[in-house]
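Asker: Below are the structure tokens for one structure; questions will follow.
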Ligand code: AMP
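Numbering (the working numbering), first residue to last: 8 to 123.
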């Protein structure tokens, strides 16, 4: 069940601002308000989906492939391929997800620490 009042839905509706990195008809990328690395960008599809599985199960293939191509576009735009980066998508309670709209974290700009 998708919560239309989650903070990323509000950002998509332009009800609250974001520090935009890139936007097109399928996706929005913006800087995380509480960065965990020198570069910390969030990417969200313009599709009402609570998490990764919800997006992959319910969006059409065109939307899905466009979104992930755009993740790569941002990686290229920010010139991250040579030094590397980490992609994370927290899902649900065990995954530590706070905002229930599917998003990808792009972390880079320094060595990203290990989990546990
Ligand atoms: P997650 O725990 O994967 O759901 O991550 C949610 C992320 O959204 C966290 O890294 C927050 O810092 C970030 N966040 C929450 N509100 C905002 C906002 N208004 N603008 C940008 N990032 C946000």
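Glycine residues also receive a C-beta, built at the ideal position from the N, C-alpha and C atoms.
Source: prediction; values computed, not measured.
(1) Taking the DSSP output, what are the residues bridged to residue 114?
(2) Tell whether a beta-carbon distance below 9 Å holds between residue 112 and residue 39.
(3) Considering only the beta carbon of each residue, do residue 49 and residue 59 sit closer than 9 Å?
(4) Between which residues of its own chain and residue 99 is the CB-CB distance below 7 Å, once the five residues before and five after are set aside?
(5) How would you write the range of the beta strand (DSSP E) that residue 76 sits in, first residue to last?
(6) When you compare only the Cα positions, how much space is there between residue 19 and residue 51?
(7) Any heavy atom of ligand 1 within a distance shorter than 8 Å of the CB on residue 67?
(8) Is residue 38 near ligand 1, in the sense that its beta carbon is under 8 Å from a heavy atom of that ligand?
Answerer: If we stick to the structure as given:
(1) Taking the chain shown and counting its residues from 1, one reaches residue 114 at position 107. Partner(s): 47, 93.
(2) Taking the chain shown and counting its residues from 1, one reaches residue 112 at position 105. Taking the chain shown and counting its residues from 1, one reaches residue 39 at position 32. Yes; because the gap between Cβ atoms is below 9 Å, this pair is in contact.
(3) Walking along the chain shown from the start, residue 49 turns up at place 42. Walking along the chain shown from the start, residue 59 turns up at place 52. No, Cβ-Cβ distance for residue 49 and residue 59 is not below 9 Å.
(4) What you label residue 99 is simply residue 92 of the chain shown in a count that begins at 1. Cβ neighbours of residue 99 beyond the five flanking positions: 58.
(5) Walking along the chain shown from the start, residue 76 turns up at place 69. That residue, residue 76, is in no beta strand (DSSP E); its alpha helix (DSSP H) goes 68–84.
(6) Within the chain shown, numbered from 1, the residue matching residue 19 stands at position 12. Within the chain shown, numbered from 1, the residue matching residue 51 stands at position 44. Distance between the alpha carbons of residue 19 and residue 51 is about 9 Å.
(7) Against the chain shown, residue 67 aligns to sequence position 60. Residue 67 has its CB no nearer than 8 Å to any heavy atom of ligand 1.
(8) Within the chain shown, residue 38 is the residue found at index 31, counting from 1. Within 8 Å of the C-beta of residue 38 there is at least one heavy atom belonging to ligand 1.
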